[in-house]
Structures are given as C-alpha cells and as structure tokens.
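Quick mapping for you: the protein sequence lines, in order, are chains B and Z.
Heads up, my numbering is the position in the first sequence plus 1182, with the first residue counted as 1.
Heads up, my numbering is the position in the second sequence plus 1182, with the first residue counted as 1.
Heads up, the beta-carbon is just placed ideally off N, CA and C, and yes, glycines get one too.
Read the structure below first, then the notes.
Protein chains: 2
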Amino acid sequence: MARKKQYNEEEVIEKAMYLFWKNGYENTSVRMLEKEMGINQFSIYASFGSKQGVFLESIKSYNRKTKEMFEKLKNSNKGVEDIKEFFYESVGISGFRGTQKGCFVTNTYNEFAESEDKMIKEQIVSFMDKLKEVFIEKLKMDPTKDEETVLKQANYLLLAKHGLAAASRVNDRKEIEDYIEMIFKSI
Amino acid sequence: MARKKQYNEEEVIEKAMYLFWKNGYENTSVRMLEKEMGINQFSIYASFGSKQGVFLESIKSYNRKTKEMFEKLKNSNKGVEDIKEFFYESVGISGFRGTQKGCFVTNTYNEFAESEDKMIKEQIVSFMDKLKEVFIEKLKMDPTKDEETVLKQANYLLLAKHGLAAASRVNDRKEIEDYIEMIFKSI
DNA sequence: ATTTAAACTAAGCGATAGCTTAGAAATAAT
DNA sequence: ATTATTTCTAAGCTATCGCTTAGTTTAAAT
C-alpha cells in the first residue's frame, strides 16, 4: 500500500497543547507549531485541517490530562473539602511542565471571551459547565445548604477560579494558598 | 507658520481606548484604529509614535475616566463597605458605552500576563498596586484586623476582581451581584 | 500674495499570518 | 522489483500586520 505516518497524532497534539498553553492561541503561529510538534505544515493540515483544528484537539488533550483529576474529584465524598483539594491540585498541575502558566481552560476562556469562534467557545463552556455541575454536587452534600445557596456558591467558586488562574501566573505559592483559604472561608 | 491639527488628541485617544477595551490589543489593528479615531495612519503615528503608543495613552485615558471613582473610593471612610461599593460601580462602568466588556485593566492584565511588553505591564501593575494600597487602607480601618489579615484580604480582593471582570463579560446582573456578596462574606 | 512648515492623503514597504500545492521520497502490497 | 498510495519537503500563495514615505493641501506668518 503506502507509507505510514511517521508521527503519532496524540503525541504531537500534546506538544501543541503545551505550546498553546504557554503562549495562547493568537500568539502561537503555525510555524511555531511546526517546530514544537516536529512535523511540517503539510502534515499539520493533513491531520488536523487548520490551526483551529489543532487547537480544538489540544483542548481535548488537556481534557484527557485533567480527566484523572476530575474523576478523583467526582468519586470522592468529602464535599467542599474535595473542591478545595481540587483547587490546590489545579495550581499544582499548572507547573508540571515548567513553562505553562495558569489554567489552560481559564486562559482560553479569557482569550476567547470576546471572540466569535463558536467551536472553541463551546469546548470551554462545556468544560466549565461540567466543573460547575461537580461543584453543585459537592455542595449539596451539606444538608444545611438550600438549593439557592448551593447555586450561588457554585457560581462563586467558578468565578473565584479565574482569580486563581491569574494568581498562579504571577503570584508566589504562599499568596496563592492564602487566596484559596480565603475563598473557602465564605463557603 | 503652518496648519493646525484637525483633531484633538485626547478625544481620539478616548475613541481608541473604547476600541481596545472592546477587542483587546492584538485584535485591534491600526486600520481599525484609523476608522474609529477618524484620523489616518500618518496622523496616528505622528501623534503617538506606534500602536503601543496609542495603547499606552489609552490606558492613561482609562485612568482619567476611572480617577473620579478612585478618588471617591479614597476619600470615603466606610472601610470595607467602600470596597464593596467600588466593586458594584466597577461592574456598572463596564456597560457605560455598551460594547465594552469587563474591566479594561483586568482584560489587559490577562492579555499581557505572558507578554514581554514592559511598558504596558508597568502601567497595569502600577494600576493594580495603587488599587491594592487603597484596599489595605480600607481594611486597616477595622482595628480588629491584624497586619497579616489585612494583607491576605487585600490580596484576596485583588484576585477576586479577576473573577468579577470575567463575570461582567458573560454573566447576568444577578449572578454578578451574588458573586460580589459572596466575596465580602469572608471579609 | 507669497512663503513655509506642519497636517494630510494614499500608496506601498517588508514581515509574517494561515494555508496550499507540486513534486520527491518512502513503504506496504503485489 | 514494480506498483500504488501516502507522507513529506520546500516553495509560494494571498491577506493582513505595523509602519513609512512621497507628494499634496492647508493655513499661520511674513
């Protein structure tokens, strides 16, 4: 038949994901992707169709990376304490390859907040909705909270995460920990 | 001698500021600035030197716009309650020309978090530092708070503002108000 | 009215963006 | 070994980026 692909798509996407995470979407050019992914433009376009295609796959790759953390969060039963641990881990994961900063999802949310790009927005909103659902579930474990309080607090936690992402880009460890503790004081 | 400028620099910068606020720095091209400012590229470069120059002046223009609010915040003596009111006003100002979203400073902070652009970073960091100083002053009005608590809470408020800015781009009024209330529950 | 210096218009500069294409290289199946 | 089919290289496409420049228009000063 024919030649086989010299690269593994999942592997090269993971590399692309780290580059996007580090630089954001707009500040990552296809030439930069070529170098980082180790394949040339023809192969990038043959495999993923467009720069946006590479990015969408990168988000999925990030989802796979965080899935374990997410599953752990879901399966535990410590209520609010689980969310707090998740926040601490979120900060931890940000540094697991050194150059990336903040949370990839929150960074993307910020970059695309004003954008018209529906496919990317969908991915991000879907991720955040899933997270909110988990928060709600955890908060409901406390029987003293009524429905309204649960929704308010879930929304608060989701928004507080934006500050956390910003913090983990510039602030030091202690400030970040203080911030997390402050968040949970009102829950 | 010679011809006079057909435009007022402060006026055209204000228009540029709203465009930058709406689209961010990278997503605003010099061609777009031409249209919005009503002057052509030659005049833009003659007056402000570069696109970055226009942006720096835009930040200053934003500072002038928010100065009144800032002064009011400084001169009041209601402590934490002043900060809360400031948060509510911050959300209000975001909509005062319709198309802008979030807080211009926070948007810029997010866009330039990974950037090497020192001049722009300086402007933003200086703005946030000034805000933090005011927060600290307000928090100190409560004699029961020790120095450490004050610093922790000021940091918390500054970071919480990132969530507020994100919220005011997509969430509805009620969710935003709920979020603000939640922030101050732990103060 | 003439001079003169600045403001203006419009065209275009090189660099880079995302993306495409023509043709050479490689390899599984025959 | 030949064939068939895909991968890969490298060059180049058009569009847009920030910015500049040549040349015209305008108006204050003489």
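In chain order, what residues of the same chain lie with their CB nearer than 6 angstroms to the CB of residue i, ignoring the 5 residues before and after it?
{"i": "B:E1191", "result": "S1229"}
{"i": "B:T1210", "result": "L1201, F1202"}
{"i": "B:M1251", "result": "E1271"}
{"i": "Z:K1233", "result": "V1212"}
If we cut at 8 angstroms on Cβ distances, does residue i have a partner in chain Z?
{"i": "B:V1383", "result": "Chain B is shown from 1183 up to 1369; residue 1383 of chain B falls before or after that span and cannot be answered."}
{"i": "B:Q1335", "result": "yes"}
{"i": "B:L1215", "result": "no"}
{"i": "B:D1299", "result": "no"}
{"i": "B:N1292", "result": "yes"}
{"i": "B:L1255", "result": "no"}
{"i": "B:L1321", "result": "no"}
{"i": "B:D1328", "result": "no"}
{"i": "B:E1357", "result": "yes"}
{"i": "B:A1228", "result": "no"}
{"i": "B:D1360", "result": "yes"}
{"i": "B:L1238", "result": "no"}
{"i": "B:K1283", "result": "yes"}
{"i": "B:F1278", "result": "Because the pLDDT of B:F1278 is 48, which lies under 50, any placement of that residue in the model is unreliable, and the question is left without a value."}
{"i": "B:Y1189", "result": "no"}
{"i": "B:N1259", "result": "no"}
Cα separation between residue i and residue j?
{"i": "Z:Y1189", "j": "Z:I1195", "result": "10 angstroms"}
{"i": "Z:K1266", "j": "B:A1336", "result": "21 angstroms"}
{"i": "Z:G1220", "j": "Z:I1241", "result": "19 angstroms"}
{"i": "Z:R1279", "j": "B:S1225", "result": "Because Z:R1279 sits at a pLDDT of 47, beneath the cut-off of 50, its placement in the model cannot be relied upon, and the point is left open."}
{"i": "Z:E1363", "j": "Z:E1296", "result": "31 angstroms"}
{"i": "Z:E1216", "j": "Z:K1186", "result": "19 angstroms"}
{"i": "B:K1247", "j": "Z:F1268", "result": "39 angstroms"}
{"i": "B:R1355", "j": "Z:I1306", "result": "22 angstroms"}
{"i": "Z:I1318", "j": "B:S1368", "result": "20 angstroms"}
{"i": "B:N1292", "j": "Z:L1238", "result": "21 angstroms"}
{"i": "Z:H1344", "j": "B:H1344", "result": "6 angstroms"}
{"i": "B:Q1223", "j": "B:V1212", "result": "7 angstroms"}
{"i": "B:K1197", "j": "Z:D1328", "result": "47 angstroms"}
{"i": "B:G1206", "j": "Z:E1298", "result": "14 angstroms"}
{"i": "B:E1218", "j": "B:T1326", "result": "51 angstroms"}
{"i": "Z:I1365", "j": "Z:I1302", "result": "29 angstroms"}
{"i": "B:E1193", "j": "B:M1214", "result": "16 angstroms"}
{"i": "Z:G1235", "j": "Z:K1249", "result": "21 angstroms"}
{"i": "Z:G1231", "j": "B:F1294", "result": "29 angstroms"}
{"i": "B:E1304", "j": "B:T1290", "result": "11 angstroms"}
{"i": "Z:Y1141", "j": "B:E1208", "result": "No statement about residue 1141 of chain Z is possible, as the shown extent of chain Z runs from 1183 to 1369 and does not include it."}
{"i": "B:E1253", "j": "Z:K1204", "result": "37 angstroms"}
{"i": "B:K1168", "j": "B:L1333", "result": "This structure cannot settle anything about residue 1168 of chain B, because the visible part of chain B is limited to 1183 through 1369."}
Residue i CB to nearest chain B CB: under 8 angstroms?
{"i": "Z:M1199", "result": "no"}
{"i": "Z:N1364", "result": "Here residue 1364 of chain Z is Met; the residue named in the question, Asn, does not match the sequence. Yes, contact with chain B."}
{"i": "Z:S1232", "result": "no"}
{"i": "Z:G1206", "result": "yes"}
{"i": "Z:L1313", "result": "no"}
{"i": "Z:G1274", "result": "no"}
{"i": "Z:Y1130", "result": "There is simply no residue 1130 of chain Z to check, as chain Z begins at 1183 and stops at 1369 in what is shown."}
{"i": "Z:E1263", "result": "no"}
{"i": "Z:E1296", "result": "yes"}
{"i": "Z:S1368", "result": "yes"}
{"i": "Z:Y1270", "result": "no"}
{"i": "Z:G1345", "result": "yes"}
Which term fits residue i, buried or exposed, when burial requires 16 or more other beta carbons within 10 angstroms of its beta carbon?
{"i": "Z:T1288", "result": "buried"}
{"i": "B:T1331", "result": "exposed"}
{"i": "Z:D1360", "result": "buried"}
{"i": "B:K1300", "result": "exposed"}
Please work out which residues of its chain come closer than 8 angstroms, Cβ to Cβ, to residue i, disregarding the five sequence neighbours upstream and downstream, and give them in chain order.
{"i": "B:I1358", "result": "V1273, L1346, A1349, S1350"}
Can you list, in chain order, the residues of its chain whose CB lies under 7 angstroms from that of residue i, leaving out five sequence neighbours each side?
{"i": "Z:V1316", "result": "L1255, K1256"}
{"i": "B:M1199", "result": "S1240, S1243, Y1244"}
{"i": "Z:V1352", "result": "none"}
Practice item. Report yes or no: do three or more beta-carbon pairs, one from the segment 1249-1262 of chain Z and one from the segment 1316-1334 of chain Z, lie closer than 8 angstroms? Key: yes
Exercise for review: Determine, using beta-carbon pairs with one atom in the segment 1279-1299 of chain B and one in the segment 1341-1355 of chain B, whether at least three such pairs fall under 8 angstroms.
Suggested key: yes
Exercise for review: Could you tell me whether the segment 1306-1314 of chain Z touches the segment 1327-1340 of chain Z, where touching means 3 or more Cβ pairs closer than 8 angstroms?
Suggested key: yes
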